[in-house]
Amino acid sequence: MTTLATDVTRLLGIDLPIVQAGMSWASSSPELPLAVSRAGGLGVLAAGPMRPDDLRGAVRALRAGTDRPFAVNLPLYRKGAEEVMDLLLAERVPVLIASQGGPRRYLDRFQAAGTVCLHVVASPEHARKAADAGVDGLVVVGAEAGGHPPPELVSTLVIVRAVARAVPDLPLIASGGFADGAGLAAALALGAGAAQFGTRFLASTEANVHPAYQRAVLAASVTDAQPVGRDLGVIRALPNTFTRDMTKLEHDGADVEDRRARFAKSTLKMAAFDGDVDNGKIEAGQSAGLVDEVRPAAEIVRTLVAEYLAAVRSLPG
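According to our numbering, the sequence shown holds residues 37 to 353 in order.
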């Protein structure tokens, strides 16, 4: 197997600087993270929507299915987060990727258990706070990302450089807008030690999402994934009834509670699990416009490596 060594691969014990994003529903079962970890990257189980018993079973399936490292992504705002942390500590997960909260809430316990702790940030200020708390590394999210981009919508190109300058000694994973090996080369050039791929792995055979959701991603252009939900926790999503309603409410200056009610009426589960791509939240990054086929995850990893090597060879001297 090809290996590409960086500070991130050394920290995590993986062969390739390729991280599959933790995506609710899409990677809330073991199939996708297992395939990515087996291929040499870091597969990430998305704990956000998972019931504790299902999460425990998925972690054990991952451990039984590979001797390679894997991660669990935990949004700290989710209901029952403390119970989930106790579960993950008991299961001694190799890597924790935490988001939407402060690292001091979990850090000492997990590091004492031998878990590598990565924290998701979207600003130099939060990066410095996480570094001061003692995290092992950071996932730096830019505006191009699907799901929850930074509310200020600073591009990945800028935010990764800003964070790399703010915390120069901390391993970084760049996230937002990456879909191919040229993007991986760009991430490493920016100062990251790996790139995180979300939307690219949405279009994988192992992604646990409805075919209608995948078809929407494949049909998208680079301009389709738009941010909605100002003041409510911005998401980037593909156009449908939900995004049109939200855009109109925002344009008309609707009261925040009216917007909150409409925002909550539609869910990611409706689109990703039930296949209601008209009324649900079709969360996807701008890189959807660079994705045009569903492929096995391991094949995606191999292609990313080949494209990366070709991109690097094409650079001048």
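Positions of the beta carbon are idealized from the N, C-alpha and C atoms, including for glycine.
Next item on the list: Starting from the Cα of asparagine 315, find the closest Cα among Leu285, Tyr249, Asp260 and give me that residue.
Entry: Tyr249
Notebook entry, point to check: leucine 154 and aspartate 172 look like a contact to me (Cβ under 8 Å); what is the Cβ gap, rounded to whole Å?
Noted result: 6 Å
Note to self: Starting from alanine 107, trace the beta strand (DSSP E) in both directions and tell me its first and last residue.
What the structure shows: 106 to 111
Checklist line | 8 Å CB neighbourhood of arginine 96 in its chain, flanking five on each side removed | finding: Glu127
Margin query: Can you find the residues in the same chain that come closer than 7 Å, C-beta to C-beta, to aspartate 328, ignoring five residues on each side of it along the sequence?
Written below: Leu254
Margin query: Can you find the residues in the same chain that come closer than 7 Å, C-beta to C-beta, to threonine 235, ignoring five residues on each side of it along the sequence?
Written below: Gly182, Ala215, Val253, Ala320, Gly321, Ser323, Ala324, Val327
Next item on the list: Counting only runs of 4+ residues fully inside the stretch 106 to 182, write out the alpha helix (DSSP H) ranges in chain order.
Entry: 117 to 127, 143 to 148, 160 to 169
Next item on the list: Look at the Cβ atom of arginine 298, then the Cβ atom of aspartate 312, and state whether they are nearer than 8 Å.
Entry: no
Notebook entry, point to check: From aspartate 51 to leucine 40, what distance separates their C-alpha atoms?
Noted result: 6 Å
Checklist line | Neighbourhood of threonine 279 by C-beta, 7 Å cutoff - its chain only, sequence neighbours within 5 removed | finding: Gln262, Val264, Ala273
Item checked: Exposure of glutamate 161, with buried meaning 16 or more beta-carbon neighbours within 10 Å -> exposed
Checklist line | Bounding residues of the beta strand (DSSP E) (the contiguous stretch that carries valine 80) | finding: 79 to 82
Next item on the list: Take aspartate 43 and list the residues in its own chain whose beta-carbon comes closer than 6 Å to its own, dropping the five residues that flank it on each side.
Entry: Pro207, Gly229
Checklist line | Contacts around proline 187, its chain only, beta-carbon distance under 7 Å, and the 5 residues preceding and following it disregarded | finding: Val270
Check: Is it buried or exposed for lysine 317, if we count other Cβ within 10 angstroms and need 16 for buried?
Finding: buried
Margin query: With a threshold of 8 Å on Cβ separation, who are the neighbours of serine 240 within its own chain once the five nearest residues in sequence on each side are excluded?
Written below: Leu68, Ala71, Val330, Arg331, Pro332, Ala333, Ile336
Next item on the list: Entirely within the stretch 262 to 319 and at least 4 residues each: give me those alpha helix (DSSP H) ranges in chain order.
Entry: 277 to 287, 292 to 301, 304 to 308
Next item on the list: Out of Thr303, Phe309, Asn276, Asp267, point me to the one whose CA is closest to alanine 290's CA.
Entry: Asp267
Item checked: threonine 151 to glycine 49 span [Cα, whole Å] -> 12 Å
Check: Relative to the C-alpha of isoleucine 133, which residue among Asp205, Arg87, Val55 is closest?
Finding: Val55
Checklist line | Candidates Gly219, Pro53, Val131, Asp103: closest to arginine 74 by CA position | finding: Asp103
Notebook entry, point to check: Does DSSP put valine 337 in a helix, in a strand, or in coil?
Noted result: helix
Next item on the list: Flag this pair as yes or no: are the beta carbons of alanine 163 and valine 190 separated by less than 8 Å?
Entry: no
Next item on the list: Would you mind stating whether alanine 107 and proline 88 have Cβ atoms separated by less than 8 Å?
Entry: no
Next item on the list: Would you kindly work out how many angstroms separate the C-alpha atoms of arginine 92 and alanine 166, rounded to a whole number?
Entry: 27 Å
Check: So what's serine 323 in DSSP terms, helix, strand or just coil?
Finding: helix
Item checked: Continuous beta strand (DSSP E) stretch holding leucine 193: start and end -> Here leucine 193 belongs to no beta strand (DSSP E); instead the alpha helix (DSSP H) covers 192 to 202.
Next item on the list: Compute the beta-carbon to beta-carbon distance between valine 176 and valine 196, rounded to the nearest angstrom, for a pair I have assumed lies under 8 Å.
Entry: 5 Å
Checklist line | Contact set for threonine 283: own chain, Cβ-Cβ below 7 Å, skip 5 residues either direction | finding: Val264
Note to self: If you follow the alpha helix (DSSP H) that serine 73 is in, where does it begin and where does it stop?
What the structure shows: 67 to 74
Notebook entry, point to check: According to DSSP, what are the bridge partners of isoleucine 209?
Noted result: Val175, Ala230
Margin query: Tell me the residue span of the alpha helix (DSSP H) that contains valine 95.
Written below: 88 to 101
Checklist line | Bounding residues of the beta strand (DSSP E) (the contiguous stretch that carries valine 55) | finding: 54 to 56
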